[in-house]
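Asker: Sharing a structure, written as structure tokens. Questions coming.
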Amino acid sequence: MIVDVIAGIFISILSGMGVGGGGLLVLYLVFIRNMEQPSAQGLNLLFFIAASFSALIYHFKKRKIDKRLLLLLIIPGIIGAVLGSLLANVIDPLLIRKIFGWLSVTSGMVVLFSKK
Amino acid sequence: MFVTTALLFSGLLAGFTNGLLGTGGGIILVFALKTLYKDKNIKDVFATSLAVILALSAVSVIVYLKKNNLPSQESLRFLLPAAFGGFTGAYFLDKINANWLKKVFGALIIIAGLNMTGIFG
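Have a look at this one:
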């Protein structure tokens, strides 16, 4: 349990710094805690919300966020989110895992081969 | 008109990916916004993307919850660390050059990802 807490702190700090994208917790839960892929993803979503909430409050005050732009993205986004989430909980977990794997490989490669 | 359509589509795709995989919507949104708004400050892009993904993640969480794929017992021990770490990490974002760290984790993610694809059996 304490390992989870430490891992959680470590992972969220890394994510806050822009390292590892949003999938680090999923990898931890799946590989180290042997959690099922859909459950790990569900937890990851909750984790992200908790981690981003305070960051967002800070951003809202300092940054310019166009409300109209938000709506244009969120409204179709909600439709997509419902569709994607339903699909994630209906199709074979092994298939989801594979898709997740390929996404991870792709984003890892983008990071490794980016210009900086 | 094109920009509006592209935005609507980007939102849809980002929400779908985020719901399907529990992550990833942000990458799509940042890419889309950077492409459609070339002059926009990158920090504004990140902030906008964050706000959108936050909302979409909340929606997805509800679906996962209804489908019994939100392990509530395990969740609690991660939530407080998440709030702490997210804030702390954001603080360090501008202060530390994390490029080498990104590369290290990039490699790790590739290895883990390859394992998940099952191509090694």
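As given, the protein sequences belong to chains E and H, one line each in that order.
Heads up: the first sequence at position 83 corresponds to 83 in our numbering, and the numbers run straight through without jumps.
Heads up, our numbering is the position in the second sequence plus 1000, with the first residue counted as 1.
From the three backbone atoms N, C-alpha and C, an ideal C-beta is built for every residue, glycine too.
Everything numeric in this text was worked out from a predicted model, so none of it was measured.
#1: Short of 9 Å Cβ to Cβ, which residues in the segment 47-70 of chain E face chain H?
#2: Taking a contact to mean a Cβ-Cβ separation below 7 Å, would you say Val-1045(H) touches Val-1030(H) in this structure?
#3: Which residues in chain H have a C-beta closer than 9 Å to the C-beta of Asp-4(E)? List them in chain order.
#4: Please state the DSSP three-state secondary structure of Asp-4(E).
#5: Do you know whose CA, among Ala-1112(H), Phe-1092(H), Leu-1108(H) and Gly-1019(H), lies nearest Gly-16(E)'s CA?
#6: So which residues on chain H does Ile-32(E) lean against when the C-beta distance must stay under 7 Å?
#7: Quick check on Lys-98(E) - is its C-beta less than 7 Å from some C-beta in chain H?
#8: Measure from the C-beta of Val-1063(H) to each C-beta in chain B and report whether the shortest distance is under 7 Å.
#9: Starting from Thr-1017(H), find everything on chain E with Cβ-Cβ shorter than 9 Å and list it in chain order.
#10: Which residues of chain E have a Cβ atom closer than 9 Å to the Cβ of Lys-1038(H), listed in chain order?
#11: Candidates Lys-115(E), Ile-99(E), Val-110(E) and Gly-18(E): which alpha carbon is nearest Leu-1021(H)'s?
#12: What residue does the alpha helix (DSSP H) around Pro-1071(H) start on, and which one ends it?
#13: Could you tell me how far apart the beta carbons of Val-1059(H) and Ile-32(E) are, in whole angstroms, since I believe they sit closer than 8 Å?
#14: Is there a C-beta anywhere in chain E that falls below 7 Å from the one on Ile-1110(H)?
#15: Considering Cα atoms alone, identify which of Ile-1111(H), Val-1063(H), Ala-1098(H) and Val-1104(H) is closest to Ser-104(E).
#16: For the alpha helix (DSSP H) that contains Asn-89(E), what are its first and last residues?
#17: Would you mind working out which of Val-110(E), Ser-107(E), Gly-101(E) and Ser-39(E) sits nearest Leu-1065(H), comparing C-alpha positions?
Answerer: Taking the structure as given:
#1: For the segment 47-70 of chain E, the set of positions with a beta-carbon nearer than 9 Å to some beta-carbon of chain H reads Phe-47, Phe-48, Ile-49, Ala-50, Ala-51, Ser-52, Phe-53, Ser-54, Ala-55, Leu-56, Tyr-58, His-59, Phe-60, Lys-62, Arg-63, Lys-64, Ile-65, Asp-66, Leu-69 and Leu-70 in chain order.
#2: Cβ distance < 7 Å, so Val-1045(H) and Val-1030(H) count as in contact.
#3: For Asp-4(E), the chain H residues whose Cβ falls inside 9 Å of its Cβ are Glu-1074, Arg-1077, Phe-1078 and Pro-1081, in order along the chain.
#4: Three-state result, Asp-4(E): helix.
#5: Closest option to Gly-16(E), Cα to Cα, is Phe-1092(H).
#6: Contact note: Ile-32(E) does not reach chain H at a C-beta cutoff of 7 Å; the least C-beta distance is about 11 Å.
#7: Lys-98(E) has a beta carbon lying within less than 7 Å of a beta carbon in chain H.
#8: You won't find chain B in this structure, because its protein chains are E and H.
#9: The answer, in chain order, is Gly-80, Gly-84 and Leu-103.
#10: Chain E residues near Lys-1038(H): none, gap ~15 Å exceeds 9 Å.
#11: Comparing Cα-Cα distances from Leu-1021(H) to each of Lys-115(E), Ile-99(E), Val-110(E) and Gly-18(E), the minimum goes to Ile-99(E).
#12: Neither: Pro-1071(H) is in no alpha helix (DSSP H) and is coded neither H nor E.
#13: About 28 Å separates the beta carbons of Val-1059(H) and Ile-32(E), which is beyond the 8 Å limit, so they are not a contact pair.
#14: Ile-1110(H) counts as touching chain E.
#15: Cα-wise, what sits closest to Ser-104(E) is Ile-1111(H).
#16: Following the DSSP letters along the chain, one finds Asn-89(E) inside the alpha helix (DSSP H) bounded by residues 67-90.
#17: Between Leu-1065(H) and the set Val-110(E), Ser-107(E), Gly-101(E) and Ser-39(E), the nearest pair of CA atoms involves Ser-39(E).
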